[in-house]
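Here the protein sequences line up with chains A and B, keeping their order. Numbering follows numbering that gives the first Met the number 0, with no gaps: position 103 of the first sequence is 102. Numbering follows numbering that gives the first Met the number 0, with no gaps: position 67 of the second sequence is 66. Even for Gly, the Cβ is constructed at its ideal location relative to N, Cα and C.
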Amino acid sequence: MRARPMRERGMQMPENVVKKSRILTQLALEFMKIGLFTFGGGYAMIAMIENSCVNKRKWITHDEMMDITVIAESTPGPIAINCATYVGFRQAGFEGALAATLGIVLPSFAVIYAIAMLFDDFLSLTAAANAFRGIKVAVGILIIDAAVTMFKNMKKKAQPKVTAALAFAVMLLSEVFSLGLSSVMLMALAGAVSLGLFMLRDGKKAGHK
Amino acid sequence: MIYLELFLGFLKVGCFAFGGAYGAIPLIRDVVMSYGWLDSEQLAYMIAVSESTPGPIMVNLATFVGSRQGGFWGAMTATAAVVLPSFAVILIVTALLRHVIKNKYIQAVLKGVKPCIAGIILATGLYMAVSNILTKDGTDIKAAVISLGLLAVMAACKRLLKKKLSPVGLIVAAALMGMVIYA
């Protein structure tokens, strides 16, 4: 697809501007496709992004893709958004990041917006309502399953184990007795304690030297 | 002011949602229930819808809650808010601080946060699963039957096909069971 020169300027656009707008269009379209065809979010999307950005478009290398995955996991937010922002930025700077991110968000935005409009009508159908009561059970299982996978991938050391067990106990008590503890507070606390322990150990090591 | 609340609520989700979609669910639960945007029933429905529609689950949830609370602009506000932190963080990391993520202090913080998330997710999932069966109005035997049925389907899939049942597969199976058992 060729970018059209801007009419209002009344003159031909320089070569690099044409090239940039072509790249921006490509980024937006490619990520729109990824956004439209990946279900289940997260890890399913990484495979799709790898396929189109590394194998097909050669925008980034496989090693870069691994780097992004690590960065995406250590930074907050949906992994797919992290990837899109990174690839876009590497290709065309800030505008590229914006084009790719908007591209990946747009399809789900449109689909969900339509669903939200029709949601009540949909649920008033008995069969649909019954189906959703079944789905509700599945969601609980899915979340437990995700947690079990995280536990399996955790390092087999005392600190992560104790942290996870404590977080589990505190959160469960909070749910059961409706204490309303915030999970953000809990995470911040865990991060602070971990940092404190690390600095303590680090300090000791330095002291022995 | 609903737009401001949506923005702040989902900004919080975007800022603290580590570890993928399910990592964000306890957090989203916290936020949407404390503002009274969804009850736990609607939230479970919505997680299922987000899972069965394309796109990142977190973004889907934000769009849904936003549009229910504040129409089109509500949807825009919530979606932008949930995307903004990861967008900004990645820009900063790739543009300026490529090595900051490997910094030992940052890694030390993450070392505490990650297992904490795993614990929180497990607690949330377990609570949701159990409260489907032991509801406020008594025990829901049918939900217990569906739970066992789904576990059986997952086990069978792993045994026979040597593959883990995908989330979408599980949701479809659950929908079918719901239609039959609750009918």
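Any chain A beta carbon closer than 7 Å to residue i
i         : result
Thr-52/B  : yes
Thr-138/B : no
Leu-121/B : yes
Lys-110/B : yes
Phe-185/B : No answer is possible for residue 185/B: it lies beyond the span of chain B, which begins at 0 and ends at 182.
Tyr-181/B : yes
Ser-85/B  : yes
Asn-102/B : no
Arg-158/B : no
Asp-29/B  : yes
Paired residues, beta bridge with residue i - DSSP
i         : result
Thr-138/B : Leu-133/B
Span separating the alpha-carbon of residue i from that of residue j
i         : j         : result
Val-112/B : Tyr-126/B : 21 Å
Val-152/B : Ala-173/B : 10 Å
Ser-49/B  : Phe-71/B  : 18 Å
Glu-174/A : Ser-182/A : 11 Å
Leu-26/B  : Asn-15/A  : 44 Å
Asn-31/A  : Lys-55/A  : In the sequence as presented, Asn is not what sits at residue 31/A; that position holds Met. Rounded to whole angstroms, Met-31/A to Lys-55/A spans 15 Å at the Cα level.
Lys-242/A : Ala-91/A  : What the structure shows of chain A is the stretch from 0 to 208, and residue 242/A is not part of that stretch, so it cannot be assessed.
Pro-85/A  : Lys-103/B : A small fix is needed here, since residue 85/A is Tyr in this sequence, not Pro. Their Cα atoms are separated by approximately 23 Å.
Phe-210/A : Gly-34/A  : Outside the shown range of chain A, which is 0 to 208, sits residue 210/A, and nothing can be said about it.
Gly-177/B : Val-161/A : 38 Å
Ile-103/A : Thr-76/B  : 17 Å
Leu-105/A : Phe-17/B  : 22 Å
Leu-101/A : Ala-27/A  : 7 Å
Pro-53/B  : Ile-48/A  : 14 Å
Lys-208/A : Asp-201/A : Reliability of the predicted coordinates at Lys-208/A is poor, the pLDDT of 48 falling under 50, and the value obtained from them is presented with this limitation in mind. Near 11 Å, if we compare the C-alpha coordinates of Asp-201/A and Lys-208/A.
Ala-61/B  : Ala-128/A : 22 Å
Pro-84/B  : Asn-81/A  : 10 Å
Ile-67/A  : Val-179/B : 44 Å
Met-57/B  : Ala-47/B  : 12 Å
Lys-163/B : Val-12/B  : 29 Å
Val-171/B : Ala-142/B : 16 Å
Cys-52/A  : Ala-79/A  : 12 Å
Neighbour flag for residue i against chain B, beta carbons, 7 Å
i         : result
Gly-190/A : yes
Phe-176/A : no
Glu-49/A  : no
Phe-150/A : yes
Pro-13/A  : no
Thr-24/A  : no
Lys-208/A : With a pLDDT of 48 at Lys-208/A, under the threshold of 50, the modelled position of this residue cannot be trusted; read the value that follows with caution. No, Lys-208/A does not count as interfacial toward chain B.
Asn-81/A  : yes
Any non-hydrogen atom of the ligand NAD closer than 6 Å to residue i Cβ
i         : result
Ala-182/B : This structure simply doesn't include the ligand NAD, nor any ligand for that matter.
Residue-chain proximity (residue i, chain D), Cβ-Cβ < 7 Å
i         : result
Met-176/B : Among the protein chains of the structure shown, namely A and B, there is no chain D.
Run through the region 40-99 of chain B for me and flag every whole alpha helix (DSSP H) of 4 or more residues, listed as ranges in chain order.
-> Entirely contained in the region 40-99 of chain B, the alpha helix (DSSP H) runs reaching 4 residues are, in chain order, 56-94.
Would the region 172-183 of chain A and the region 37-44 of chain B be scored as touching if the rule is three or more Cβ pairs under 8 Å?
-> No: the two stretches stay apart, fewer than three of their Cβ pairs being nearer than 8 Å.
Pair every Cβ in the region 23-33 of chain B with every Cβ in the region 109-128 of chain A, then say whether three or more of these pairs are closer than 8 Å.
-> no
Is the region 77-84 of chain B touching the region 164-173 of chain A in the sense that three or more CB pairs, one from each, lie closer than 8 Å?
-> Not touching, per the Cβ criterion.
Taking only runs of the alpha helix (DSSP H) that begin and end inside the region 83-153 of chain A, which ones reach a length of at least 4 residues, in chain order?
-> Runs of alpha helix (DSSP H) with 4 or more residues, each lying fully within the region 83-153 of chain A, are found at 125-152, listed in chain order.
Say whether the region 188-198 of chain A touches the region 138-156 of chain B, bearing in mind that this needs 3 or more beta-carbon pairs closer than 8 Å, one atom from each stretch.
-> no
Fully enclosed by the region 147-193 of chain A, which alpha helix (DSSP H) runs are 4 residues long or longer?
-> 157-175
Given 8 Å, three or more beta-carbon pairs between the region 138-154 of chain A and the region 114-128 of chain B | yes
Is there contact here, the region 2-9 of chain B with the region 51-70 of chain B, by at least three beta-carbon pairs under 8 Å?
-> yes
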